[in-house]
Structure formats: C-alpha cells, structure tokens
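Whatever position you read off the sequence shown (first residue = 1), add 1460 for this note's numbering. Glycine is no exception: its CB is placed at the ideal position from the N, C-alpha and C atoms. Fair warning: this is a prediction, and the values are worked out from it, not measured in the lab.
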Amino acid sequence: MTRFYITTPIYYVNDAPHVGSAYTTVNADALARWHRLAGDEVKFLTGTDEHGQKMADVATKNGVSPQEWTDRTAPRFREAWDVLEISYDDFIRTTEPRHYETVQKFLSTIYENGFIYKDVYKGLYCVSCEDYYTLEASDDGRCPIHHSVLTQMEEENWFFQLSAFEDRLLEHYASHPEFVTPETKYNEALSFIKGGLKDISITRTSITWGVPVPWDERHVFYVWYDALINYLSAIGYGRDDDEVTEWWPHSNHLIGKEIIRFHCVWWPAMCMAAGLDPVHHVQVHGWLLIGGEKLGKTMAAEGAVKLTDIAPITLTEEFGVDPLRYYLLRETALGNDGEFSLEGIAARYNTDLANNLGNLVARVAAVVASKCDGVGPAPSADSTLREHAQNTTRAAAASWELFAPQRALESTWDLIGATNAYLETHAPWKMEPGQATDVVLGDALEAIRLVAILISPAMPGVAQEIWRRLGLSGSPSAAPFSASSVWGLYPGGLPVEKGEPLFPRIAIDS
Ligand code: MSP
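#1: Using a Cβ distance threshold of 8 angstroms, determine whether the segment 1713 to 1721 contacts the segment 1462 to 1472, with at least three qualifying pairs required.
#2: Within this structure, are the beta carbons of residue 1838 and residue 1958 separated by less than 8 angstroms?
#3: Which one or two residues does DSSP pair with residue 1663 in a beta bridge?
#4: Just reading off the beta strand (DSSP E) that residue 1551 is part of, what are its end residues?
#5: Between residue 1747 and the ligand MSP, is the CB less than 7 angstroms from at least one heavy atom?
#6: Apart from the five residues just before and just after residue 1632, which ones in its own chain have a Cβ nearer than 7 angstroms to its Cβ?
#7: Express the C-alpha separation of residue 1583 and residue 1654 in angstroms, rounding to a whole number.
#8: Roughly how many whole angstroms lie between the Cα atoms of residue 1661 and residue 1677?
#9: Identify whether residue 1743 lies in helix, strand or coil by the three-state DSSP scheme.
#10: Which residues in the same chain have their Cβ closer than 8 angstroms to the Cβ of residue 1725, if we skip the five residues on either side of it in sequence?
#11: Rounding to the nearest angstrom, what Cα-Cα distance links residue 1461 and residue 1951 in this structure?
#12: For my contact list, residue 1932 and residue 1965 are in at a C-beta cut-off of 8 angstroms; report their separation, rounded to the angstrom.
#13: Can you check DSSP and say which residues form a bridge with residue 1602?
#14: Quick one: is the Cβ of residue 1608 within less than 7 angstroms of any heavy atom of the ligand MSP?
#15: Return yes when the C-beta of residue 1484 is under 7 angstroms from any heavy atom of the ligand MSP, and no when it is not.
#16: Report yes if the CB atom of residue 1563 is closer than 8 angstroms to the CB atom of residue 1681, and no otherwise.
#17: With C-beta atoms as the reference, is residue 1669 less than 8 angstroms away from residue 1722?
#18: Taking the continuous alpha helix (DSSP H) assigned at residue 1654, which residues delimit it?
#19: Is residue 1469 a contact residue of the ligand MSP, with contact defined as CB to any heavy atom under 7 angstroms?
#20: With residue 1865 and residue 1806 assumed to form a contact (beta carbons below 8 angstroms), what rounded beta-carbon distance in angstroms separates them?
#21: For the ligand MSP, any of its heavy atoms closer than 7 angstroms to the Cβ of residue 1802?
#22: Could you round the C-beta distance between residue 1569 and residue 1508 to whole angstroms and report it? I think they count as a contact, below 8 angstroms.
#23: Restricting to Cα atoms, I'd like to know which of 1627, 1589 and 1620 is closest to residue 1611.
#24: Please state if the CB of residue 1843 and the CB of residue 1782 are separated by a distance shorter than 8 angstroms.
#25: Under the assumption that residue 1565 contacts residue 1697 (Cβ atoms under 8 angstroms), give the Cβ distance between them as a whole number of angstroms.
#26: May I ask whether a heavy atom of the ligand NAD can be found less than 7 angstroms away from the beta carbon of residue 1890?
#27: Find out if the Cβ-Cβ distance for the pair residue 2025, residue 1534 is shorter than 8 angstroms.
#28: Within a Cβ cutoff of 7 angstroms, which residues of the same chain sit near residue 1791, ignoring the five residues on either side of it in sequence?
#29: Since I believe residue 1644 is in contact with residue 1743 (beta carbons under 8 angstroms), could you give me their beta-carbon distance rounded to a whole number of angstroms?
#30: Cβ of residue 1849 within 7 angstroms of any heavy atom in the ligand MSP?
#31: Tell me whether residue 1835 sits in a helix, a strand or coil according to DSSP, three-state version.
#32: Three-state secondary structure (DSSP) at residue 1581?
#33: By the DSSP assignment, the beta strand (DSSP E) with residue 1463 in it spans what residues?
#34: Buried or exposed for residue 1890, please, with buried defined as at least 16 other CB atoms from any protein chain shown within 10 angstroms of its CB.
#35: Quick check on the burial criterion: 16 or more other C-beta atoms within 10 angstroms. Buried or exposed for residue 1893?
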C-alpha cells in the first residue's frame, strides 16, 4: 500500500480563518480524499502556529496572556474546518507538549551536529510576516507584502549555518526535479539558493512567547523555526522513530507562494543538518486576490475589505459547503493567482453545478421515472459513452495525482458535458419504453455513477446524495475504484430518485 502524508501550513491564530486559508485547506483536503479513494494510506495534517511576536502583540492588545489568546482562537480554525468538511487526521497546535518535545530534540540534534552558533543580529523586521528584510528587499523601509513600516531589530541570537548547505541543496534540486512544483516555483526556489545563502538567526531574547532553547534558556526559538518542525512533531519525531520512517518519505507540503523560502530552502537544509532527508515534495499555490491584492487579515485591518462578510462559514451559509469547496478548487489552479469574488462563486454555481451537473442528474432521474417506472437500467458494455468515460476518468485521476484538482474537475466536467450531449443526441424522453431507451438511460446512469466518484474528493456531500439517488448503497468514496477499468459497475434494477434540485439556481443581480 502506498502512503500519502499531506500537510497544510499551520495558520497564525491572530484572527479567525479567512477564505485564503480555506483555499489552502480545501485543496489539501481534496487531495487527501483523492488518495484515500485511490486506496492509499493517508495522513492529513493541519493545525495552528501560535508563537511569535504577532501573537504576543495581539494577546496584549486584547488584555489576555498569549496562551489564553491562542486557546480562544485556535478552536475557530477547527470549527471552520469542520463546517467545510475538512477530513484532517490530526490537528496540531504548536503550544502542545508533543511539539515542544520534537522541536527541542530536532534543534538539539542540529546544535550537536555543529550547525548552530551565537552572533549579533541586526535587521529590519515585519511582525505580520514574522520575517526579516534587507533594506534593498524592502519597499523603501516598508514591508513589500503588508506595506507597514519595518522595525529595526538588534539582538544577540543563535544562528543556523544555512550557508553550509548551499551545495547540498543545489544537488538535491538537481537530483529531484519534482521536489517543488509547479516548475516556476521550483525555479524561484533554486534561483534563491543560487543567489547565495546567508546564515539565519533562529532565536530571540526580546520575547518569551516561544519554545525555550534547551541549551540556553534565556532564548526562545524564532517562530518560523519552531513552526516548520510541526510536520515532524505530528509523526512522532523524537518519540516514535518507526512512525517517522513510515511517513516522512511520503511527505507533501501544500504551501502558499509567499512561504517558499521557508519551506523550500530553510526547511530542507534544517532536515539535512539534523541528518534527515528533506520533505519529499512541496506543492506551491498562488493567492486569492481581491482587486489584485492578496486577500488576508492585514488587508482587513486596513479596512480595504470586510473579511467577516466573506468568512468561510458565512460563505457556506450563502452558497452551501460543497459549492464553496468546488469554487475554491475549480476556479484557481494550484500555482496561479486568482481573483476572488461572490459573483465568481455564483457564476460557477449556476453554470457548472446547476446547469451541467444538477441538470444531468435531474433529467436522467425524470426520464427513468417516466420511461422505466423509476427503476434504473444497467449500462451497455459497448456504449459510445464508455470510451469517453474511460478517457476522462484516466485524465482526472492523473491530474489528482499531479496535485491539479482544477484540471481533475475540468476532466470530470468533460464527462458531464459528454453525457448531457449523449442524452441530447438520443433524446430518450422521446423514445418508447423498451430496450433502446434502457440502454441510453443505463449508460447515462453509469456515467453519473462515475461522476459521483470523481467529484467525491471535491464535493463529498453532493457525491453522496447523487449516489443515494442512483439507488446505490455505501459511499462513492468507498466504492471500488480503479482509473484503468471503470465502466459498467452500475448494476441496474435500482430505484432512482428524482428528489429536489441539487443546486437551485442563484439569482444574480445585474
Ligand atoms: N504560520 C505561517 C505558516 C507556517 S507553516 C510551518 C503562515 N500562516 S498564515 O496563516 O499566514 O498562512 C497560511 C497559509 O494560508 C499560507 O499557505 C498562505 O499562502 C495561505 N493564505 C493566506 N492568505 C491567502 C490568500 N489570500 N490566498 C491563498 N492562500 C492564502 O504563513
């Protein structure tokens, strides 16, 4: 059995989750669900990043301790993910003892291996990024992402000797051309390494809210340094070596493009320094934008948009859970940026879901009711739809494997389109009940069965409802499925239910 370990970045808990964080999480969830469907053993990790200056500041502003603040806000992520049907296997908080234990063991190993030393750090700091900038990389002393004025910092810190790993990183990139996808992001990470690596400061004395440095308790680890290690804390690093051996070679991080340097340069070097192989694969995604700007918490703070109006839970109340998931997966391919809009969700809903998928299921059920007394016939072995179904299923499966949910859904909609066209051509509603009508409807039901399986990673609730309406028992995500031999498992003889419209159309104000 193949293993698949997928992670999201851990989210800062200075505020509630927004639709940008939902984008990462829903994509990771759909990929996890796909791999479970394909028979892999899956571990899907998400969680919250709770240390650092930003969290300490926001707690002070709210008159509570950082621990109280994070205890209050971390559950909001679980709540949102539960509403969005995120099927995580583990949720890690960086304030948990298991994380402290792993961080201290991992970094002590790097220290003992001689890659950590003491020096004085001077630099410009952005609290929102929890990151340093050189004056040249800044926007005239301001953060290039958040546009806030950078703070001048000077402290005695422990440093990680990142510069010692330049050659090994270059070798790793050369021998693992799919280490980072898409290729443009691989090239970006690579050119960063080629540009020369400076050692990085990894501890702080200016704050106390962090994981204590075991060999120097006046310091806490810099938040990014503790955060990255969460991926190992969750698989028992320092506690259960077998679990690490089982899962780490199958690890995949899904991350946003602004955190490439941490995940694709620092993190593999840290692993090398600790004597561990780097993460197996990093898939980078772009940003959801509003008016060309990254949609996010800081933007809300500046009053540019009311993020509460587009909070993930609010959007599910307006459009439904599965339509929101579908929009996030389908509209913006992993790797690209995409403009987010309510009109965009409504358009996808009306076109892809109501007109194409909903209409297909409804019209087939209606004709089965009128021509076959509501009992679904079996498909034929040599239908013209068969080849189309096999091709699109193979294409969808290949895209899911390649971390391309958007393309996988595009292929699935090709099958929906082909099935609608097949019905138009044969017009079973005009035919007399009998053998020929049964063949057309049986084929269409089989195609819908396959569609239900193929959409189940994206829209688990809708897939289950379609499955039920076809009279099938169990669940589409647990159906026997192999992308290479797909046609013909709808058994026929099952009651097909018409039901209410799956996607009542949304009125769009013009
Ligand atoms: N805490 C760090 C990650 C540490 S991982 C060891 C962090 N947190 S975050 O909450 O700011 O962002 C988490 C993820 O959400 C990132 O992958 C980021 O790209 C994603 N998104 C935040 N805003 C987003 C958009 N507007 N669009 C798409 N993804 C967005 O960084």
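For this structure:
#1: In short, these stretches touch, since the Cβ pair count reaches three.
#2: Numbered from 1 along the sequence shown, position 378 holds the residue referred to as residue 1838. Numbered from 1 along the sequence shown, position 498 holds the residue referred to as residue 1958. No, Cβ-Cβ distance for residue 1838 and residue 1958 is not below 8 angstroms.
#3: To locate residue 1663, count along the sequence shown from 1; it is residue 203. Residue 1663 is bridged to 1681.
#4: Numbered from 1 along the sequence shown, position 91 holds the residue referred to as residue 1551. 1550 to 1553 is the extent of the beta strand (DSSP E) around residue 1551.
#5: Here residue 1747 is taken as the residue at index 287 of the sequence shown, counted from 1. Checking the Cβ of residue 1747 against the ligand MSP gives yes.
#6: Position 172 of the sequence shown, counted from the first residue, corresponds to residue 1632. So the qualifying residues of the chain are 1639, 1728 and 1738.
#7: As a working mapping, residue 1654 is identified with position 194 in the sequence shown. As a working mapping, residue 1583 is identified with position 123 in the sequence shown. C-alpha separation (whole angstroms): 22 angstroms.
#8: Counted from its first residue, the sequence shown places residue 1661 at position 201. Counted from its first residue, the sequence shown places residue 1677 at position 217. C-alpha separation (whole angstroms): 16 angstroms.
#9: Position 283 of the sequence shown, counted from the first residue, corresponds to residue 1743. Of the three classes helix, strand and coil, the one that applies to residue 1743 here is strand, per DSSP.
#10: Numbered from 1 along the sequence shown, position 265 holds the residue referred to as residue 1725. Around residue 1725: 1622, 1629, 1649, 1652, 1653 and 1657.
#11: The residue you call residue 1461 lines up with position 1 of the sequence shown. The residue you call residue 1951 lines up with position 491 of the sequence shown. Near 28 angstroms, if we compare the C-alpha coordinates of residue 1951 and residue 1461.
#12: Stepping through the sequence shown from its first residue, residue 1932 is reached at position 472. Stepping through the sequence shown from its first residue, residue 1965 is reached at position 505. Taking 8 angstroms as the upper bound for CB-CB distance, residue 1932 and residue 1965 are not in contact here, some 27 angstroms apart.
#13: Walking along the sequence shown from the start, residue 1602 turns up at place 142. Looking at the DSSP output, residue 1602 sits in a beta bridge with 1599 and 1609.
#14: Within the sequence shown, numbered from 1, the residue matching residue 1608 stands at position 148. With a threshold of 7 angstroms, the Cβ atom of residue 1608 does not count as near the ligand MSP, since no heavy atom of the ligand is closer than that.
#15: Walking along the sequence shown from the start, residue 1484 turns up at place 24. Because some heavy atom of the ligand MSP lies under 7 angstroms away, the Cβ of residue 1484 counts as near it: yes.
#16: As a position in the sequence shown, residue 1563 is number 103, starting the count at 1. As a position in the sequence shown, residue 1681 is number 221, starting the count at 1. Yes, these two residues count as a Cβ contact at 8 angstroms.
#17: As a position in the sequence shown, residue 1669 is number 209, starting the count at 1. As a position in the sequence shown, residue 1722 is number 262, starting the count at 1. No, they are not a contact pair.
#18: As a position in the sequence shown, residue 1654 is number 194, starting the count at 1. Counting along the chain, the alpha helix (DSSP H) containing residue 1654 begins and ends at 1643 to 1654.
#19: Position 9 of the sequence shown, counting from 1, holds the residue named residue 1469. Yes, since a heavy atom of the ligand MSP falls inside the 7 angstroms radius drawn around the Cβ of residue 1469.
#20: In the sequence shown, counting from the first residue as 1, residue 1865 sits at position 405. In the sequence shown, counting from the first residue as 1, residue 1806 sits at position 346. Wrong, their Cβ atoms sit about 21 angstroms apart, outside the cutoff.
#21: Counting from 1 along the sequence shown, the entry for residue 1802 is found at position 342. Flag unset: Cβ of residue 1802 not near the ligand MSP.
#22: Along the sequence shown, one-based indexing puts residue 1569 at 109. Along the sequence shown, one-based indexing puts residue 1508 at 48. Not confirmed; about 25 angstroms, so no contact.
#23: Here residue 1611 is taken as the residue at index 151 of the sequence shown, counted from 1. Here the closest residue by C-alpha is 1589.
#24: Working through the sequence shown from its first residue, we reach residue 1782 at position 322. Working through the sequence shown from its first residue, we reach residue 1843 at position 383. No. Outside cutoff.
#25: Looking up residue 1565 in the sequence shown gives position 105. Looking up residue 1697 in the sequence shown gives position 237. Under the criterion of beta carbons closer than 8 angstroms, residue 1565 and residue 1697 qualify as touching, at roughly 7 angstroms.
#26: No copy of the ligand NAD appears in this structure; the ligands present are the ligand MSP.
#27: The structure shown does not extend to residue 2025, since the chain is modelled only from 1461 to 1970, so the question has no answer here.
#28: On the sequence shown, residue 1791 is found 331 positions in, with the first residue counted as 1. Excluding positions up to five away in sequence, the list reads 1798, 1804 and 1808.
#29: Residue mapping note: residue 1743 aligns to position 283 of the sequence shown, counting from 1. Residue mapping note: residue 1644 aligns to position 184 of the sequence shown, counting from 1. Taking 8 angstroms as the upper bound for CB-CB distance, residue 1743 and residue 1644 are not in contact here, some 12 angstroms apart.
#30: The residue given as residue 1849 occupies position 389 in the sequence shown. Residue 1849: no, Cβ never under 7 angstroms from the ligand MSP.
#31: The sequence position of residue 1835 within the sequence shown is 375, counting from 1. Under the three-state reduction of DSSP, residue 1835 is assigned to strand.
#32: Counting from 1 along the sequence shown, the entry for residue 1581 is found at position 121. In this structure, residue 1581 counts as strand in the three-state DSSP scheme.
#33: Numbered from its first residue, the sequence shown carries residue 1463 at position 3. Residue 1463 -> beta strand (DSSP E) spans 1463 to 1467.
#34: Numbered from 1 along the sequence shown, position 430 holds the residue referred to as residue 1890. Per the 10 Å Cβ criterion, exposed.
#35: As a working note, residue 1893 is residue 433 in the sequence shown. With fewer than 16 neighbouring CB atoms inside 10 Å of its own CB, residue 1893 falls in the exposed class.
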